[in-house]
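Visitor: Keeping their order, the protein sequence lines are chains Y and A.
Offset between the first sequence (1-based) and the numbering used here: plus 8.
Offset between the second sequence (1-based) and the numbering used here: plus 8.
Pasting in a structure now, in structure tokens, and then I'll have a few things to ask.
Number of protein chains: 2
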Amino acid sequence: MRQQRSAETRVKILEAALDLFRERGFPESTMREIAARSGVATGLAYYYFASKDAIVLEYYQRALEDLGPLLEPAQQHKKLEDRLNAILEAKFQYFEPNRRFLGALMSNAADPASPLSPFSEPSRPIREFDFAQFQRALDETGVSIPKDLAPHMAKILWMYQMGILLFWIYDRSEGQSRSRQLVKRSLGMVVLLLKLSNLPLLKPARKTVLDLVGILEG
Amino acid sequence: MRQQRSAETRVKILEAALDLFRERGFPESTMREIAARSGVATGLAYYYFASKDAIVLEYYQRALEDLGPLLEPAQQHKKLEDRLNAILEAKFQYFEPNRRFLGALMSNAADPASPLSPFSEPSRPIREFDFAQFQRALDETGVSIPKDLAPHMAKILWMYQMGILLFWIYDRSEGQSRSRQLVKRSLGMVVLLLKLSNLPLLKPARKTVLDLVGILEG
DNA sequence: TACTGTTTTTGAACACGTTCAACTGAACAT
DNA sequence: ATGTTCAGTTGAACGTGTTCAAAAACAGTA
Chain Y
9 MRQQRSAETR VKILEAALDL FRERGFPEST MREIAARSGV ATGLAYYYFA
59 SKDAIVLEYY QRALEDLGPL LEPAQQHKKL EDRLNAILEA KFQYFEPNRR
109 FLGALMSNAA DPASPLSPFS EPSRPIREFD FAQFQRALDE TGVSIPKDLA
159 PHMAKILWMY QMGILLFWIY DRSEGQSRSR QLVKRSLGMV VLLLKLSNLP
209 LLKPARKTVL DLVGILEG
Chain A
9 MRQQRSAETR VKILEAALDL FRERGFPEST MREIAARSGV ATGLAYYYFA
59 SKDAIVLEYY QRALEDLGPL LEPAQQHKKL EDRLNAILEA KFQYFEPNRR
109 FLGALMSNAA DPASPLSPFS EPSRPIREFD FAQFQRALDE TGVSIPKDLA
159 PHMAKILWMY QMGILLFWIY DRSEGQSRSR QLVKRSLGMV VLLLKLSNLP
209 LLKPARKTVL DLVGILEG
């Protein structure tokens, strides 16, 4: 009974926060307002969430879980390009109502020491959950990938996705049409490169890319 | 005389700030401390600088100006690859003492609406000042660039540089050796691609890249 | 010198994210 | 029933970046 009530309070705060973020934007929403709208004291928000940022992080985590089933139709396409396109489109649509405040997740995106960064240790579970979608797309479409590249390919696609999402978040064009164009133009290239990478002639190039990935990961 | 004193106060505050940033780091330094160390009241720092961030931005601006002459030796190399390498190396060395707090400039790097972002309107002069170095390197090394690509090439190299600097800023390896490795491995590839781009066979690929650049710029 | 207008300087005040010592009350033990 | 415990909850307080009305210093003019 105790846990029940506690869990309810938690989501009450979470949802009040997300409502406010959607209405006013992330920086414009204060913790005091969030608490007030949830009918609790300011401090209680901090009992349930480590920080204001952590609320967004938790939203993002839950969102990815929700997204699992929603991506099922996307994962039915036979061609890798179509799958990736469908995955990206599904994410665009799912996140659209909250696009504005998702930028909060990118505030310190580049700093791997910041807990909010997609590359940080705390967000590892979320990240790996997301990897799995791309791994599955690669496995099930049966594209042939050189042995040396194979273990890193899902990660590379994930990075590509993060770049696209980053652009999408700050995309001011009507209906984020520019992001769609970006996907249209770049996705073909990514898949083409992946196919070309099988050519024996390109082994040295592959080696270079692998070295780069190695350095970037540390 | 009035202006003289005023200008002196300004640099007094700027230097006290930079000292503190170097000693304690950017987030750990408070505006009150900066003012105290400069021997002025808290509010005065805001008379001269719009915000705490703006102090870093001003430092970066002045730094790029200082850097002009320092890049002269780098701009003597005959081969493009050597020049770019020397330019990057010079920046590494120049910024090294302040590497830690330059991350403040990247806090909202991705958001073009944030004044601090390298892509923002307020930082346009700084950015274009920086472009010029790359344009010069391209011009003076006489690499042949396809007509359609030529107007964008300096910008593309600048973006490459920003990526490298971003990595360098957060590079925790001893003496930022990993950043050096990254340059070593990636620079050759960049220059190779630039040379390959002249092949008539690759005209469609070039078209795609140009489309991408167009979309990214808006 | 005294008056006027402008630039510089002050420090208190504001709103924010966050912390914390104290309080409440339901669950359980005696 | 009474006492004990502790997750849940409170709101004042802290330190921060930033703003602002007022004071002070200055330059020019009479």
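In this text, a Cβ means the ideal position worked out from N, Cα and C, and glycines have one as well.
(1) Going by CA-CA distance only, name the one from F100(Y), R214(Y) and A62(Y) that's closest to K155(Y).
(2) Can you say whether K86(Y) is buried or exposed, counting buried as having 16 or more other CB atoms within 10 angstroms of its CB?
(3) Using beta carbons (cut-off 9 Å, strictly below), is M197(Y) in contact with chain A?
(4) Tell whether a beta-carbon distance below 9 Å holds between N106(A) and R193(A).
(5) Are there 16 or more other CB atoms within 10 angstroms of the CB of Y55(A), so buried, or fewer, so exposed?
(6) Contact criterion: CB-CB distance below 9 Å. Does A62(A) meet it with respect to chain Y?
(7) Nearest CA to the CA of S59(Y): which residue from T38(Y), L72(Y) and E136(Y)?
(8) Check the Cβ of Y178(A) against every Cβ in chain Y and list those closer than 7 Å, keeping chain order.
(9) On the premise that Q143(Y) lies in contact with A162(Y), defined as a C-beta separation below 8 Å, what is that separation, rounded to the nearest angstrom?
(10) What residues in the region 208-221 of chain Y bring their beta carbon closer than 9 Å to a beta carbon of chain A?
(11) By the 7 Å beta-carbon criterion, what residues does the region 156-186 of chain Y contribute toward chain A?
(12) Residues in its own chain within less than 7 Å of Q69(Y) by CB, not counting five upstream and five downstream?
(13) Report the option in I177(Y), L202(Y) and G183(Y) whose CA atom is closest to the CA atom of A121(A).
(14) Evaluate P126(Y) with the Cβ neighbour count: other Cβ atoms within 10 Å of its Cβ, from every protein chain shown; 16 or more gives buried, anything less gives exposed.
(15) What are the start and end residues of each continuous alpha helix (DSSP H) run of 4 or more residues lying completely inside the region 105-172 of chain Y, in chain order?
(16) Helix, strand or coil for M5(Y)? Go by DSSP, reduced to three states.
(17) Can you tell me the Cα-Cα spacing of Q141(A) and S128(A), whole angstroms?
(18) What are the complete alpha helix (DSSP H) segments, minimum 4 residues, inside the region 21-105 of chain A?
(19) Please state whether the Cβ-Cβ distance between V191(A) and I172(A) is less than 9 Å.
(20) Tell me the rounded alpha-carbon separation between W166(Y) and D138(Y).
(21) I'd like to know whether the C-beta of L110(Y) is nearer than 9 Å to at least one C-beta of chain A.
(22) Of the choices H160(Y), P212(Y), R188(Y) and A112(Y), whose alpha-carbon is the least far from that of F100(Y)?
(23) What's the gap between the Cα of E73(Y) and the Cα of E136(Y)?
Guide: Inspection of the coordinates gives the following:
(1) R214(Y)
(2) exposed
(3) yes
(4) no
(5) exposed
(6) no
(7) T38(Y)
(8) A118, D119 and P120
(9) 4 Å
(10) A213, T216, V217, D219 and L220
(11) L174, Y178 and R186
(12) I134
(13) I177(Y)
(14) buried
(15) 107-110 and 132-149
(16) Since the first residue of chain Y shown is 9 and the last is 226, residue 5(Y) is not available in this structure.
(17) 20 Å
(18) 39-46, 50-56, 60-78 and 88-103
(19) yes
(20) 8 Å
(21) no
(22) R188(Y)
(23) 12 Å
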